[in-house]
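Participant:
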Amino acid sequence: MTERRGHPPAIERDIRAARRLEWWNIGWSVSIVVVMGLTMGASQAMKTAWLEDTLGLVPPIVFLIATRYEGRAADKRFHYGYDRVNSLGFLVAAVALGGVGLFLLRDSIVALWYREHVTIGSARVLGHDIWLGWFMLAAQAYATIPPLIIGRKELPLAERMRDKLIHTDALMNKANWQTGIAGILGVGGLGFGLWWADPVAAILISLSIVWDAWNALKIATAELVDGIPRELGDTRISKEAQALAMALEREFPGAKRVLLRETGRYIRAEVVGAVPPADFSIDSLGIDGCEDWRVDSVSFRPA
Amino acid sequence: MKISGALVAVTALAMLAACDSYPRDIEGVRDRVVESRQLRVGYGSMPGDRRSLADRFVSRVARVTGARATKAAEGSDEALFAALDRGDLDLVVTEVAADSPWLTEVAVIEPLARRRIGERELGLSAVARNGENRWIMLLEREVRDMRGAS
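Each protein sequence line maps, in turn, to chains A and B. Residue numbering for the first sequence is 6 to 308, as defined by our numbering. Residue numbering for the second sequence is 203 to 352, as defined by our numbering.
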């Protein structure tokens, strides 16, 4: 079996940049959670958006933990290293996200079904009575800005690093700022006397949470059950994996099969029914369309 | 992104344009009281000194809305809250416990006064129908002004 020699410097730089970005992401998200928590009152849309913002902390935290583990070498207890830690964390997060999303969806449907009218009172500030809905609208407007910026910065990094966790986080950030817009319309509509605006906004937000969870669950599960390497945000086999398979098939025409699986951002290949020459190395393959660092290892299983 | 931005801008503009009457009531209680010049009040059972405080508060609200207050009902909180929820009353003034299960069913305004009976704290509060946010704001303002004046 031949194994990789680590990331190229450009990817190392991207990982460091992604870690810095995720620390910023956590900082901004915590500020949003605090601001939303202080203003949410009885609004179902605000409560749901607050929870989505809180759950939005999970991917960056999982990424920071995973990259810390990823840097560790294989040891006596974990012969294949710790590349899959992010998938494990992600699976746990996806299940939690899905559970909470379904619970909130049920709550919002009940509120709509029973035509619950939401009360938003006022507070006296410097002698003026101000409707608390204005604070909610301001909090929601604030909550749309950081995810919009961070999500856009994450996408190119995710593509270069082939990092599904960062890619999903970028999609969650997109969902979060859209949630902010839905929340604004919900509370704003309630201010116009439209009782249904709040639960309808909450239903839309809950659906976005469930959708996030479903996508995360698919990605984490595919990796944990040794699925084929996929394109980011897609279920099709990745072009790099295809290129690797073709290069191996070309190199070992007598092989019965070339098996591929994904481990974190790496691809592991197994050639069935072939024995490698003594001087075989991944570099000798000359894979066109697949960066060298992505191939974690190529192993052989003689027939 | 462009569509969402436009939506926000339209919503913000609409809100600014409607600032004068924003927020609105879902069932329009405040407008009905002002237009009909009739304020239908329900009173919970309470001691005499609390009742005079409640009357003073109701008079304030009637003056601000230009309406005439009429005692439409008196009795148990459950019956009063049910009438409030059905739209038969505009306002209930009663003593509500801090842990009352009604706190989520109706809009209980911050108390005019508090008293303790054993471990339980009762607040003399104005109570409105949930979702009547403009009406609730008016009641809250009157409660704060009255407490500030006393």
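The C-beta atom is built at its ideal place from N, Cα and C for all residues, glycine as well.
Can you find at least 3 beta carbon pairs, one from the region 265–272 of chain A and one from the region 241–254 of chain A, that sit closer than 8 Å?
Facilitator: Touching, yes.
Participant: Taking only the alpha-carbon atoms, compute the straight-line gap between A227(A) and V67(A) and give it to the nearest angstrom.
Facilitator: Near 18 Å, if we compare the C-alpha coordinates of V67(A) and A227(A).
Participant: Taking 8 Å as the threshold (C-beta atoms), are G196(A) and A206(A) in contact?
Facilitator: Their beta carbons are not under 8 Å apart, which means A206(A) does not touch G196(A) by this criterion.
Participant: Leaving out five residues on either side along the sequence, give the residues of the same chain with a beta carbon under 7 Å from the beta carbon of L142(A).
Facilitator: These residues qualify, in order along the chain: I189, V192, G193.
Participant: Taking only beta-carbon positions, decide if D217(A) is within less than 8 Å of chain B.
Facilitator: Output row for D217(A): interface = no.
Participant: Taking one C-beta from the region 111–131 of chain A and one from the region 322–336 of chain B each time, how about it: are there three or more such pairs within less than 8 Å?
Facilitator: The region 111–131 of chain A vs the region 322–336 of chain B: in contact.
Participant: Apart from the five residues on each side of it in sequence, which residues of its chain come closer than 6 Å, Cβ to Cβ, to G138(A)?
Facilitator: Contacts found: I125, V192, G196.
Participant: Where T173(A) and P64(A) are concerned, what is the direct C-alpha to C-alpha distance, given to the nearest angstrom?
Facilitator: Those two C-alpha atoms are separated by around 8 Å.
Participant: Is the shortest distance between the beta-carbon of D279(B) and the beta-carbons of chain A less than 8 Å?
Facilitator: No, its Cβ sits nowhere closer than 8 Å to a Cβ of chain A.
Participant: Could you check whether the Cβ of V123(A) sits closer than 8 Å to any Cβ belonging to chain B?
Facilitator: By this cut-off, V123(A) is an interface position.
Participant: Run through DSSP, which three-state label would Y271(A) get?
Facilitator: In this structure, Y271(A) counts as strand in the three-state DSSP scheme.
Participant: Would you list the residues sitting across from R317(B) in a DSSP beta bridge?
Facilitator: In DSSP, R317(B) forms a bridge with L324(B).
Participant: Measuring only between beta-carbons, confirm whether S127(A) sits less than 8 Å from chain B.
Facilitator: So yes, S127(A) belongs to the interface.
Participant: Assess, as a yes-or-no matter, whether the region 91–109 of chain A is touched by the region 287–305 of chain B under the definition of 3 or more beta carbon pairs within less than 8 Å.
Facilitator: Not touching, per the Cβ criterion.
Participant: If contacts are defined as beta-carbon pairs under 8 Å, then G61(A) and N220(A) qualify, I think. What distance do you get, rounded to the angstrom?
Facilitator: Between N220(A) and G61(A) the Cβ distance is about 14 Å, and since that is not below 8 Å, they are no contact.
Participant: Listed from N- to C-terminal order along the chain, which residues in the region 192–207 of chain A have their beta-carbon within a distance smaller than 7 Å of any beta-carbon of chain B?
Facilitator: Against chain B - using a Cβ distance shorter than 7 Å - the residues of the region 192–207 of chain A are G193, G196, F197, G198, W200.
Participant: At a cut of 8 Å, does the region 140–159 of chain A reach the region 98–113 of chain A through at least three beta carbon pairs?
Facilitator: Short answer: they don't touch.
Participant: From the DSSP output, read off the bridge partner residues of T296(B).
Facilitator: Paired residue(s): S327(B).
Participant: Residue range of the alpha helix (DSSP H) that G244(B) falls in?
Facilitator: First-last for G244(B): 240–246, but that is the beta strand (DSSP E), not the alpha helix (DSSP H).
Participant: Under 8 Å Cβ-Cβ, which residues of chain B neighbour G138(A)?
Facilitator: Those are P225, N335, listed as they occur along chain B.
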